Each structure stands twice: as structure tokens, then as C-alpha cells.
Amino acid sequence: MTENDDIDLTSLSDEDLVAQMHDDLYDGLKEEIEEGVQILLDRGWEPYKVLTDALVEGMRIVGIDFRDGILFVPEVLLSAGAMKGGMAILRPLLAETGAPPVGKMVIGTVKGDIHDIGKNLVSMMMEGAGFEVIDLGINNPVENYIEALEEHKPDILGMSALLTTTMPYMKTVINALEEKGIRDDYLVLVGGAPLSQEFGEAINADAYCRDAAVTVDIAKELMQRKHNQAVSSGS
Ligand code: B1M
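Sequential numbering from 1300 applies to the sequence shown in our numbering.
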């Protein structure tokens, strides 16, 4: 988008720096993004604000031009790499918590889908809220989910899908849980850009999560409800 070889990022106002970071994300400039993230943090920005205003918003802009055929896969991969560079700096800050784990979540992107930025963000925010997170990565068939549920015995199963062609696979996973008679052992949370509340209900998920912050709120609320039910039923 812009040439920024000569730009001293530290000399920019917050607003101009964030705009420059949107351009740098668009251009896939990982080092510049890492530097920008660090500058904003040094200026006292909250990690979550850096994440949403500079990185997530920048990726939203990338998404529009990707959709419109202005950007192509190799370029978007560079943007994704730059985004991940920034996220790596924010991760320990967002995940900082001295509290004991409030619950456990297994999460993964479904089979056929390799998008992982949103899932990674959800994992980071959940860790930051005190959840233990087991991240299965991308392209997960049913068997991966079931193995992980048996091994880790989490409270929550999270699934991510970014494609309209892969989101139905979430139903395949839930059906498999139902067939094994273990569906109700877990809270199933689903998310990803093409999903909706209606879709979440239609596939019998416990909740559709619009974004990472909402996922944390919903996870906490459902965990509390589960705890209350267990107490009132005396188990
Ligand atoms: Co792809 N891609 N992509 N892509 N890609 C989209 C999703 C698309 C909408 C772009 C577009 O056309 N505008 C479009 C899908 C169209 C559709 O299905 N309706 C698309 C396409 C078509 C494709 C390919 C098919 C392109 C091709 O090859 N011709 C291909 C598919 C590959 C595959 O998966 N099999 C492809 C490939 C890629 C890249 C590899 C280049 C790259 C991914 C890199 C990576 O993830 N490591 C990529 C990217 C980066 C995108 C866009 C531009 C950005 C996605 C992203 O990271 N957003 C995306 C456009 C868009 O979404 N606007 C696009 C930022 C992220 C923070 O948001 O992921 O929505 P999001 O996550 C949010 C919420 O959704 C929610 O919380 C997150 C944080 O707030 N959430 C959850 C997500 N998962 C959750 C799980 C939960 C809870 C909440 O569990 C409890």
C-alpha cells in the first residue's frame, strides 16, 4: 500500500502509527508490525487495545481486498505472518494470570480449514482469563477432537471454521459426540467469521461466539451455570 522504508515509527502519533500499522499489515511487514506493537505497549496501551485496534482491524482491511480479488493468497499469507509476529509479543501479556485455572478447553480448527489466527486469539484470551487451553491446531478430523477429549477431559470443546464449506463439519463432530453418548459431557462453543447464532443453534452447539472477548464471557458464564447445576443436584 505505502512505502515506509524511511518512516521512523516512533515519531508518529498514536493515530498515525495505528494507520501505518494497518498499511504494514497489508504489506506483510512483520518486523514493522512487531516494532509498532512494542511502541504502542511502551506508550502505555493495553495489550487488548493494541490487538483489536492495530492488528485485528488491519486484518479486517486485508480481508476486504482479499475478498475483492485485490490481494491473493501469497500476499495474505505474508499479512498473516506479520499478524502472528505481533500476536507473539502480546500473547504472554494477554495470558498473564496468577489465578488457578478456572476450566479447561480443547480447541481446534475443523477439517479442511487452515485458518488459525482467530482460533489463536481465542486461545490467548482464554488463557488470559485463567483457562487451561489445549490447542489442536488446524485441519482437525473428528478423531483428533475425540482423542483430545478423552485424553484431556476438558470442560469445553471449541471449534473454529472460517469457510462456508468447512463450517458444516462442526455438525459432523457434534454428531460423533452424540453417537458416542458424550455430547453432554462438554460445553461446545463454536466460532468463525461465517458462523451465526442461528447456525450455532442448528448444529446443537452450546453457544456461538462472535469474537474472542465474547468467547471468554460465554465460557465463564456457562462454567458458572454448570457449577451451579452440579451443586444443586448434589453431584
Ligand atoms: Co482465507 N478466506 N482462504 N486465508 N482468509 C477468508 C476466511 C475469506 C472470508 C476471505 C474473503 O473472501 N473475504 C474467504 C472465505 C469465504 C467463505 O467461505 N465465505 C477465504 C477463502 C476463500 C480462502 C481460500 C479458499 C482462498 C483460496 O485458496 N482461493 C483459502 C482456504 C484455505 C483453507 O482453509 N483450506 C484461504 C487461505 C487463507 C490464507 C492461508 C492465505 C490465510 C490464513 C492464514 C492463517 O490463518 N494462518 C487467510 C486469511 C488470513 C483470511 C482472512 C483475510 C483473515 C482471517 C483472519 O485471520 N481474520 C479472511 C477474511 C476475513 O475473515 N475477513 C479469509 C482475523 C481473525 C482475528 O478473525 O478468524 O474471524 P476471525 O476470528 C475471530 C472470530 O471469528 C472468532 O474470534 C476470533 C477473534 O476475535 N472466532 C472464534 C474464530 N474462531 C473461533 C473459535 C471459537 C470462538 C470464536 O471457539 C470457541
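Glycine included, C-beta positions come from ideal geometry on N, C-alpha and C.
What you are looking at is a predicted structure, and each value in this text was computed from that prediction instead of being measured.
Span separating the alpha-carbon of Q1496 from that of S1310: Working through the sequence shown from its first residue, we reach residue 1496 at position 197. Working through the sequence shown from its first residue, we reach residue 1310 at position 11. Straight-line Cα distance between these residues: approximately 44 Å.
For M1424 and T1514, believed in contact at Cβ under 8 Å, the rounded distance: The residue labelled residue 1514 in the question sits at position 215 within the sequence shown. The residue labelled residue 1424 in the question sits at position 125 within the sequence shown. Rounded, the Cβ-Cβ distance is 7 Å, consistent with contact.
Helix, strand or coil at L1377 according to DSSP, with G and I counted as helix: Along the sequence shown, read from residue 1 onward, the residue named residue 1377 stands at position 78. Residue state, collapsed to three classes: helix.
Pairwise C-alpha distance: G1533 and I1413: The residue labelled residue 1413 in the question sits at position 114 within the sequence shown. The residue labelled residue 1533 in the question sits at position 234 within the sequence shown. Roughly 43 Å separates the two Cα atoms.
CB of E1395 within 9 Å of CB of G1427, strictly: Here residue 1395 corresponds to residue number 96 of the sequence shown, with the count starting at 1. Here residue 1427 corresponds to residue number 128 of the sequence shown, with the count starting at 1. Yes; because the gap between Cβ atoms is below 9 Å, this pair is in contact.
Anticipated Cβ contact below 8 Å, G1499 with L1461, distance rounded: Within the sequence shown, residue 1499 is the residue found at index 200, counting from 1. Within the sequence shown, residue 1461 is the residue found at index 162, counting from 1. Here G1499 is actually not in contact with L1461; their C-beta atoms are around 15 Å apart, not less than 8 Å.
Proximity test, V1405 beta-carbon vs the ligand B1M heavy atom, cut-off 8 Å: Mapped onto the sequence shown, residue 1405 falls at position 106. Result no, Cβ not under 8 Å from the ligand B1M.
Nearest-angstrom Cα separation, counted from Y1347 out to E1449: As a working note, residue 1449 is residue 150 in the sequence shown. As a working note, residue 1347 is residue 48 in the sequence shown. Answer to the nearest angstrom: the Cα atoms are 33 Å apart.
Secondary structure of E1345, DSSP reduced to three states: The residue given as residue 1345 occupies position 46 in the sequence shown. Three-state DSSP puts E1345 in coil, outside helix and strand.
Proximity below 9 Å, CB of L1435 to CB of N1443: Locating residue 1435 in the sequence shown gives position 136, where the first residue counts as 1. Locating residue 1443 in the sequence shown gives position 144, where the first residue counts as 1. Their beta carbons are under 9 Å apart, which means L1435 touches N1443 by this criterion.
Opposing strand residues paired with S1531 [DSSP bridges]: Your numbering for residue 1531 matches position 232 in the sequence shown. Its beta-bridge partners do not exist; DSSP assigns none.
Nearest to V1409 (by Cα), restricted to the options G1490, M1320, Y1485, D1454: Taking the first residue of the sequence shown as 1, we reach residue 1409 at position 110. It is G1490.
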